Amino acid sequence: MILPKGMMGPTFNPHGIDTWFDSATGRVYLFVVNHRADEETVELFTFDRKNSNNSLAHVRTYREPEFRSLNDVLAVSSEEFYVTNDGYFRNCWKTLEFLFLLKWSSIVHVTQEGGGEIVATGHALNSLGKSSGLVFATSPVGRFLNVSKRNDDGTLLLRHSIDVGTGIDNIFVHPHTMDLWFGAHPIGHAFLEHTTNLDTPAPSQVIRLHPTGEQDDHFSSVELFEPFSDSGKLISASSSVAVSGNRLLIGSLLYTNWFIVK
Numbered sequence: 001m002i003l004p005k006g007m008m009g010p011t012f013n014p015h016g017i018d019t020w021f022d023s024a025t026g027r028v029y030l031f032v033v034n035h036r037a038d039e040e041t042v043e044l045f046t047f048d049r050k051n052s053n054n055s056l057a058h059v060r061t062y063r064e065p066e067f068r069s070l071n072d073v074l075a076v077s078s079e080e081f082y083v084t085n086d087g088y089f090r091n092c093w094k095t096l097e098f099l100f101l102l103k104w105s106s107i108v109h110v111t112q113e114g115g116g117e118i119v120a121t122g123h124a125l126n127s128l129g130k131s132s133g134l135v136f137a138t139s140p141v142g143r144f145l146n147v148s149k150r151n152d153d154g155t156l157l158l159r160h161s162i163d164v165g166t167g168i169d170n171i172f173v174h175p176h177t178m179d180l181w182f183g184a185h186p187i188g189h190a191f192l193e194h195t196t197n198l199d200t201p202a203p204s205q206v207i208r209l210h211p212t213g214e215q216d217d218h219f220s221s222v223e224l225f226e227p228f229s230d231s232g233k234l235i236s237a238s239s240s241v242a243v244s245g246n247r248l249l250i251g252s253l254l255y256t257n258w259f260i261v262k
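Take the sequence shown: its position 187, counted from the start at 1, is 187 in full-length UniProt numbering, and no numbers get skipped.
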């Protein structure tokens, strides 16, 4: 098991994660959203694959006033990342943000020099992904996918906001096809009931989004597919999916077990 030295216990409550591989040094950088009791931070670790001590080394803690209610993190180098605030508040007031469709969620860009900059806002922004100069952001509550172009200065230019028609959660970007895969929550109220009572199943769904646009704007048009759905008996509240060959590895929001589909 890989353990972060000095970061276990009440100070370490991880959420979204992302990695960056430095081909020159062979080091793997791990960015982790950390929900501390009194603040939101991003922790940076390194893992040296050439070292056999099987542990992460803590490099630094990022603290920014723009960190409000962090969800996911997206590494774009060993010293630069984006992070989502899924709302402005961390407490019960966030529910009102969701109900009134307030666009108080944001994407924050952070560099090695420090200092966060809000580069996008929206409603209940959640998971992040990237491919070919584009940055993707989901909204399970808003049921949309935002596709933005990443500029040289780190700012984001919104190109498309795609109505997916279901509560897409975490993103898997296929490395060869540019298809985007999502764990999804098709029935919002069933998902909310499941979070308060695990005996109440929540339907699960996997969505594949295939870009069909022109070469210079792949996501100007898309096709949507549903390769997997379940009433909640096999797996409840599917929040993530990974693709390997002809297999899907589906994860749940509130369970530690995974479900494999061929």
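Built from N, CA and C at the ideal position, the CB exists for glycine as well. Predicted, not measured: the structure shown is a model, and the values here were computed from it.
Check                                                                                                                                                             : Outcome
Taking the alpha-carbon positions, what's the ALA124 to GLN215 distance?                                                                                          : 30 Å
Count the other CB atoms within 10 Å of the CB of PHE182; is the residue buried (16 or more) or exposed (fewer)?                                                  : buried
Would you identify the three-state DSSP class for LEU253, choosing helix, strand or coil?                                                                         : coil
DSSP state of TRP258, grouped into three classes?                                                                                                                 : strand
Just to confirm the assignment, what range does the beta strand (DSSP E) spanning THR196 have?                                                                    : Counting along the chain, THR196 falls outside any beta strand (DSSP E), though it belongs to the alpha helix (DSSP H) covering 188-196.
Taking C-beta to C-beta, are PHE208 and LEU180 nearer than 9 Å?                                                                                                   : Per the sequence shown, residue 208 should be read as Arg rather than Phe. Contact flag set, yes.
Among GLY133, THR166, PHE144 and SER236, which has the Cα closest to the Cα of LEU156?                                                                            : GLY133
Select from PRO201, SER148, ASP86 and ASP199 the residue whose C-alpha is nearest the C-alpha of VAL33.                                                           : ASP86
Report the start-end ranges of each beta strand (DSSP E) in the region 58-140 that is 3 residues or longer and not cut off at the edges.                          : 70-77, 80-85, 105-110, 116-122, 128-131 and 134-139
According to the Cβ coordinates, are GLY251 and SER127 closer than 9 Å?                                                                                           : no
To which residues does DSSP link residue 270 through a beta bridge?                                                                                               : Any property of residue 270 remains undetermined from this structure, which presents the chain solely from 1 to 262.
Using DSSP with H/G/I as helix, E/B as strand and the rest coil, what is HIS15?                                                                                   : strand
Helix, strand or coil: how does DSSP classify residue 312 here?                                                                                                   : There is simply no residue 312 to check, as the chain begins at 1 and stops at 262 in what is shown.
Short of 8 Å in beta carbon distance, which residues of its chain neighbour THR166, apart from the five on each side in sequence? Order them along the chain.     : ARG143, ALA184, HIS185, PRO186, GLN205 and ILE207
Please report the distance separating the alpha-carbon of GLU43 from that of LEU70.                                                                               : 12 Å
Are HIS58 and PHE67 touching if we call contact CB-CB under 9 Å?                                                                                                  : no
Would you give the residue range spanned by the beta strand (DSSP E) that THR46 belongs to?                                                                       : 40-48
Below 9 Å between beta carbons: does that hold for ALA190 and THR200?                                                                                             : yes
In the structure shown, what three-state DSSP assignment does SER244 receive?                                                                                     : strand
Could you give the distance in angstroms between the alpha-carbon of SER220 and the alpha-carbon of VAL135?                                                       : 14 Å
Out of TYR255, LEU192 and ILE260, which has the shortest C-alpha to C-alpha gap to LEU249?                                                                        : ILE260
For HIS185, which beta-bridge partners are listed by DSSP?                                                                                                        : GLY167
Count the other CB atoms, across all protein chains shown, that sit within 10 Å of the CB of ASN170; report buried if there are 16 or more and exposed otherwise. : buried
Just to confirm the assignment, what range does the beta strand (DSSP E) spanning LEU234 have?                                                                    : Counting along the chain, LEU234 falls outside any beta strand (DSSP E), and DSSP gives it neither H nor E.
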